[in-house]
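Below is one structure, written out as structure tokens; comments come after it.
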Amino acid sequence: MAVTNLIEITEEVIDITVNNATDITIDLLTDNVQIEINNLAVPSILSAATSISFGGHAGMEADTVQDAIIELADNAFKQDTTPQGPEVDEGDTWYDMDDNQFKVYRETAPTVFEWVPIMLGNISVDSDTLDAGSF
Numbered sequence: 086m087a088v089t090n091l092i093e094i095t096e097e098v099i100d101i102t103v104n105n106a107t108d109i110t111i112d113l114l115t116d117n118v119q120i121e122i123n124n125l126a127v128p129s130i131l132s133a134a135t136s137i138s139f140g141g142h143a144g145m146e147a148d149t150v151q152d153a154i155i156e157l158a159d160n161a162f163k164q165d166t167t168p169q170g171p172e173v174d175e176g177d178t179w180y181d182m183d184d185n186q187f188k189v190y191r192e193t194a195p196t197v198f199e200w201v202p203i204m205l206g207n208i209s210v211d212s213d214t215l216d217a218g219s220f
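Structural data, given as structure tokens:
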């Protein structure tokens with residue numbers, strides 16, 4: 086197998102010795118060392134996220150790293166309008182920029198799903214309370 090990439094590493098060592106405030110010596114030491122590396126595990130071309138396989142985790146259905154990133158991004162929204170459509174699923178979060186509320190999409194009654202605000206210390210019936218006891 087022929088060497089396709091030659092990497093040259095050079096080093097200059099400077100040895101500085103201070104014996105006292107008036108006696109300073111500097112020695113320049115140079116050594117040439119040749120290192121040959123076989124089977125270096127560095128790819129010559131980096132792979133795109135669409136070609137790197139993803140084994141799945143925590144219910145994610147993505148097969149590639151690119152699809153996993155998209156799947157994660159589809160679970161969180163930051164916008165003025167209410168997220169809708171097939172990409173909205175139970176457990177998704179939304180920061181409502183109109184009224185500055187953080188909301189979660191959850192089941193509020195059997196087969197009824199809606200965006201519910203998560204608020205600190207709020208005791209209203211239409212929001213979830215977030216406190217240290219919840220964790």
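Here the sequence shown is numbered in the working numbering, starting from 86 and rising by one per residue.
The beta carbon of each residue, even a glycine, is placed where N, CA and C say it ideally should be.
Proximity of residue i and residue j at Cβ, strictly below 8 angstroms
i: E172; j: E192; result: no
i: M145; j: A134; result: no
Buried versus exposed call for residue i [16 or more other C-beta atoms within 10 Å across all chains shown]
i: D190; result: Before going further, note that residue 190 is Tyr rather than Asp in the sequence given. So Y190 counts as buried.
i: A263; result: The requested residue 263 is not part of the displayed model; the chain covers only 86 to 220.
i: W200; result: buried
i: I137; result: exposed
Neighbourhood of residue i by C-beta distance below 6 angstroms, restricted to the same chain and skipping five residues each side
i: Y180; result: K163, F187
i: M86; result: Below a pLDDT of 50, predicted positions are generally treated as unreliable, and M86, at 49, falls in that range; no measurement from the model is reported.
Expected contact under 8 angstroms - CB spacing of residue i and residue j to nearest Å
i: E156; j: A147; result: 5 angstroms
i: M182; j: D165; result: 5 angstroms
Nearest-angstrom Cα separation, counted from residue j out to residue i
i: F220; j: P202; result: For F220, the predicted structure reports a pLDDT of 48, less than 50, and the residue's modelled location is therefore unreliable. The matter cannot be settled from this model.
i: P195; j: G170; result: 20 angstroms
i: F139; j: V150; result: 5 angstroms
i: T178; j: T167; result: 11 angstroms
i: G141; j: D184; result: 36 angstroms
Cut-off 7 angstroms between Cβ atoms - residues of its own chain near residue i, not counting five sequence neighbours on either side
i: V197; result: none
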